[in-house]
Amino acid sequence: RRQAPARLIVAGYPTKYISLPILRETAVNLGIADSVVFDARYIPIAEVGPLMELATVAVYPYLSSTQSGSLQVAYSFGRPVVATAVGGLPDVVEDGRSGFLVPPANPEALGEALGKIISSPALAQEMGAYARHLSQTRFAWGPIGAQILAVYEAKADQG
259 RRQAPARLIV AGYPTKYISL PILRETAVNL GIADSVVFDA RYIPIAEVGP
309 LMELATVAVY PYLSSTQSGS LQVAYSFGRP VVATAVGGLP DVVEDGRSGF
359 LVPPANPEAL GEALGKIISS PALAQEMGAY ARHLSQTRFA WGPIGAQILA
409 VYEAKADQG
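Numbered according to my numbering, the sequence shown spans residues 259 to 417.
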């Protein structure tokens, strides 16, 4: 098992799939409890920025999801992401460019993707820069609004 020196910050509410006690127990059983910080509460918007500034990579190991607003926030802070390929996430994460997509419920693939980013500051920087670019272009309100307006105008011209 390869290990890169890292600190894991688990921020936000645990999901219906797993509880905080189980997460803590898992960290102990894996021998990484000293490297994991749990902040299991609603994270106010004023605290999101400082957390993202601490991150090298943002991780979204969903079992199911339609979308993730916090993934967009990670992009805006120039953070690469590792996310599971569920719901709409494959439409947002450009695998190998803004981060990595991994199969859901596959801790080995998740760990491998994280290891690639954590062990290569150059890769983290490159992916993070592209993520920020996506945040400022494809996912910015200006371009989204222009696309919606174009659809409305096209429909209005038709009838």
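We treat Cβ as the ideally placed atom computed from N, Cα and C, and that holds for glycine.
As the structure is a prediction and not an experimental result, all values here were calculated from the model.
| Asked | Found |
| --- | --- |
| Simplified DSSP assignment, three categories, for Val331 | helix |
| Whole-angstrom C-beta distance between Pro308 and Ala389, which should lie under 8 Å | At roughly 18 Å, the Cβ-Cβ gap does not stay under 8 Å, so Ala389 and Pro308 are not in contact. |
| Exposure of Val350, with buried meaning 16 or more beta-carbon neighbours within 10 Å | buried |
| Contacting residues, own chain, Cβ-Cβ under 7 Å from Ala398 (five flanking each side not counted) | none |
| Val344 beta carbon less than 9 Å from that of Ser328 | no |
| Residue environment, Leu407, which counts as buried when at least 16 other CB atoms sit within 10 Å | exposed |
| Pro263 versus Asp292: straight-line alpha-carbon distance, rounded | 12 Å |
| Residues sharing a beta bridge with Gly357, DSSP | Val339 and Asp353 |
| Endpoints, the beta strand (DSSP E) within which Val418 is located | Residue 418 lies beyond the range of the chain shown here (259 to 417); nothing can be said about it. |
| Nearest-angstrom Cβ-Cβ length linking Val315 and Ile375, presumed shorter than 8 Å | 5 Å |
| Rounded separation between Leu281 and Val294 - CA only | 10 Å |
| Rounded straight-line distance, which links the Cα of Gln330 to that of Ala387 | 13 Å |
| Same chain, Cβ closer than 6 Å to Tyr333, neighbours up to 5 away in sequence not counted | Ala389, Leu392 and Ser393 |
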